[in-house]
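Colleague: Starting off with a structure, shown below.
In our numbering, the protein residues as written are 23 to 302.
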């Protein structure tokens, strides 16, 4: 009779040899777990959910009701409804605000010790950033869906592009938001102060939003501001989203918006990972 000897197992369920050679879960599992962790942190605080939905709804109401009648003459050549003209821009600009909050949330995790614990675990630091960006992207997607439903029910949003054009504009807005998320994550990983991050974010956000074609046609802007708006990358995204929603000739606008977003995403990801690897 032969006896097979097995190494004793500890309370964690593994042998000493297994524990010595364990290097953590694979990358996709890490991203999935960390993304779920970020989403659960939001859902546990209903105030975050409520206010993240209220802010874009208030902006939608103010802009649609305040500027609607005043600007109809300027946009009549594109659509017969200001809400149809405005809504594609609201989709894109809402993503900017959500992207800024990604950077602020990263700094908060740096200060409360969460990231310090992550660094002690056998996980790739880059997966922490990817998970945060995906969790915030999911939140933005829900925000935009709620905005579209509210605009349709309350203000009669019914673009000429129909469901296909609206979904395409929604997807483009998500890509723009994700690319800017990486830019703000990069800024957060280097500045590491919430006050500085918010100041930089607002200084970047308002010129991007208002020095663009988001709320008024370029022809309605003063000459010098029109020049700034033409080189503003947000103008490309808004125009492409609007063309998709309103069934206007797309041309190269969509490709320009996609290319700009992908470029910002790659640059932001590179600098975000480099800054994140610095000691806390």
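C-beta atoms are modelled at their ideal positions from N, C-alpha and C, and glycine is treated no differently. Note that the structure is a prediction, hence the values are computed from the model and not measured.
1. Please report the residue range of the alpha helix (DSSP H) in which residue 283 lies.
2. Return the CA-CA distance between residue 197 and residue 225, expressed in angstroms with no decimal places.
3. Helix or strand or just coil, what does DSSP make of residue 66?
4. Ignore the nearest five residues each way along the sequence and tell me which others in residue 162's own chain have a CB closer than 6 Å to its CB.
5. Per the contact definition of three or more C-beta pairs closer than 8 Å, is the stretch 145-158 in contact with the stretch 47-67?
6. Go through its chain and collect everything with a Cβ distance to residue 172's Cβ below 8 Å, but skip five positions before and after it.
7. Given this structure, state the Cα-to-Cα distance separating residue 284 from residue 201, to the nearest angstrom.
8. For the candidate residues 73, 47, 179 and 126, whose alpha-carbon lies nearest to that of residue 214?
9. With a Cβ-Cβ cutoff of 9 Å, do residue 187 and residue 268 count as a contact?
10. Once DSSP output is grouped into helix, strand and coil, what is the label at residue 142?
11. Which term fits residue 221, buried or exposed, when burial requires 16 or more other beta carbons within 10 angstroms of its beta carbon?
12. Could you give the residue range of the alpha helix (DSSP H) that holds residue 243?
13. Taking the alpha carbon of residue 110 as the reference point, which residue from 237, 295, 209 and 299 has its own alpha carbon closest?
14. I'd like the list of long-range same chain contacts for residue 41, defined as Cβ closer than 6 Å, with 5 residues on each side in sequence excluded.
15. Put residue 133 into one of helix, strand or coil per three-state DSSP.
16. Taking just the CA atoms, how far does residue 216 sit from residue 272?
17. Give me, in chain order, the residues of the same chain whose beta-carbon lies closer than 8 Å to that of residue 251; leave out the 5 immediate sequence neighbours on both sides.
18. So what does DSSP say about residue 268, is it helix, strand or coil?
19. Name the residue from 106, 254, 143 and 247 whose alpha carbon lies nearest to the alpha carbon of residue 227.
20. If you measure from the beta carbon of residue 109 to each beta carbon in chain B, is any gap under 9 Å?
21. Who are the Cβ neighbours of residue 170 in its own chain at under 6 Å, not counting the five residues just before and after it?
22. Roughly how many whole angstroms lie between the Cα atoms of residue 47 and residue 276?
23. Exposed or buried, which one is residue 264 when buried takes at least 16 other CB atoms within 10 Å?
24. Just the C-alpha distance for residue 280 and residue 51, rounded to the nearest angstrom, thanks.
25. Just to confirm, is the Cβ distance from residue 266 to residue 180 under 9 Å?
26. Using a Cβ-Cβ cutoff of less than 7 Å, which residues in the same chain neighbour residue 146 once the five nearest sequence positions on both sides are dropped?
27. Whose CA, out of 66, 270 and 292, lies closest to the CA of residue 182?
Modeller: The structure says:
1. Residues 275-298.
2. If you take the alpha carbons of residue 197 and residue 225, they lie about 22 Å apart.
3. Per DSSP, reduced to three states, the secondary structure at residue 66 is coil, with no helix or strand assignment.
4. Answer for residue 162: 117, 120 and 199, listed in chain order.
5. The answer is yes - the stretch 145-158 touches the stretch 47-67, with three or more Cβ pairs under 8 Å.
6. Around residue 172: 79 and 82.
7. When rounded, the distance between both Cα atoms is 7 Å.
8. Checked all of 73, 47, 179 and 126; the closest Cα to residue 214 is 126.
9. Yes, Cβ-Cβ distance for residue 187 and residue 268 is below 9 Å.
10. Under the three-state reduction of DSSP output, residue 142 falls in the coil class, being neither helix nor strand.
11. Sixteen is the threshold: since fewer than 16 other Cβ atoms of the shown chains lie within 10 Å of the Cβ of residue 221, the residue is exposed.
12. Segment: none, residue 243 is in no alpha helix (DSSP H) and carries neither H nor E.
13. The candidate whose alpha carbon is nearest that of residue 110 is 237.
14. In this predicted model, residue 41 has a pLDDT of only 47, less than 50, meaning its place in the structure is not dependable; the value taken from the coordinates is given anyway. Answer for residue 41: no residue qualifies.
15. Looking at residue 133 - three-state DSSP - the assignment turns out to be helix.
16. In this structure, the CA atom of residue 272 is about 39 Å from the CA atom of residue 216.
17. If you ignore the 5 residues before and after residue 251, its C-beta comes within less than 8 Å of the C-beta of 233, 234, 235, 240, 243 and 257, all in its own chain and listed in chain order.
18. DSSP places residue 268 in the coil class of the three-state scheme, outside both helix and strand.
19. Of 106, 254, 143 and 247, the residue nearest in Cα terms is 254.
20. Within the model displayed, chain B is absent; a lone protein chain is all it includes.
21. Apart from the 5 residues on each side of it in sequence, residue 170 has no Cβ closer than 6 Å to any other Cβ in its chain.
22. Between the alpha carbons of residue 47 and residue 276 lies a distance of about 38 Å.
23. Classified as buried, residue 264 has 16 or more neighbouring CB atoms from the shown chains inside 10 Å of its CB.
24. Each residue's Cα considered, the two are about 29 Å apart.
25. No, they are not a contact pair.
26. Cβ neighbours of residue 146 beyond the five flanking positions: 49 and 52.
27. Comparing Cα-Cα distances from residue 182 to each of 66, 270 and 292, the minimum goes to 270.
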